[in-house]
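Residue numbers (the numbering used here): 1 to 180. Report on the structure given below.
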């Protein structure tokens, strides 16, 4: 991994630890707006820091396994371990690169979901009902709240039109490409 990425990750780990200390400060706890902002920043850094800590552990294990190569009794085991660790290292590096990508500022917003039956009469209404149930179950699995704002039921079931508000963590980031 590039040295510049390692430096950036170390700065993020330092900031994460700094935020951990700040969040236990009674002065900051009493200032709810500041506490909320720092908590969000802390939560945003957590997956990056955890992944980087796993990466560092992987690198230390890899170095230890390479040192075991000199021992003839442990050489075969060390080679297997090195192969596994190198595969994990590549995966961790890719995950870290993805985690370091800039976030869309709208990713943590909530959404309004609109489903309308197209041409096809009753079949289209039934399909829109199935589609809404699918999105509702997906939202439940993510622990999001679904609130039906408006609905117009079809004559034989389903919906001619349904509008729902979905509230939760990173709802927009998960649903922003849904259309059709």
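For glycine and all other residues, C-beta sits at the position ideal for the given N, C-alpha and C.
Residue 170 and residue 74 have their alpha carbons spaced roughly 47 angstroms apart. When Cβ pairs closer than 8 angstroms are counted between the two stretches, the region 51 to 66 is seen to touch the region 74 to 86, the count reaching three or more.
Here residue 13 is not bridged, per DSSP, to any residue. Residue 132 counts as buried, since at least 16 other C-beta atoms from the protein chains shown sit within 10 angstroms of its C-beta. Distance from the CA of residue 23 to the CA of residue 44, rounded to the nearest whole angstrom, comes to 14 angstroms. Distance from the CA atom of residue 153 to the CA atom of residue 52, rounded to whole angstroms, is 50 angstroms. Straight-line measurement puts the Cα of residue 34 at about 14 angstroms from the Cα of residue 21.
Our two residues, residue 159 and residue 138, have alpha carbons roughly 18 angstroms apart in a direct line. Excluding residues up to 5 positions away in sequence, 146 lie with their Cβ nearer than 7 angstroms to the Cβ of residue 136 in the same chain.
Excluding the 5 residues flanking it on each side, residue 1 has same chain C-beta neighbours closer than 6 angstroms at 93, in chain order.
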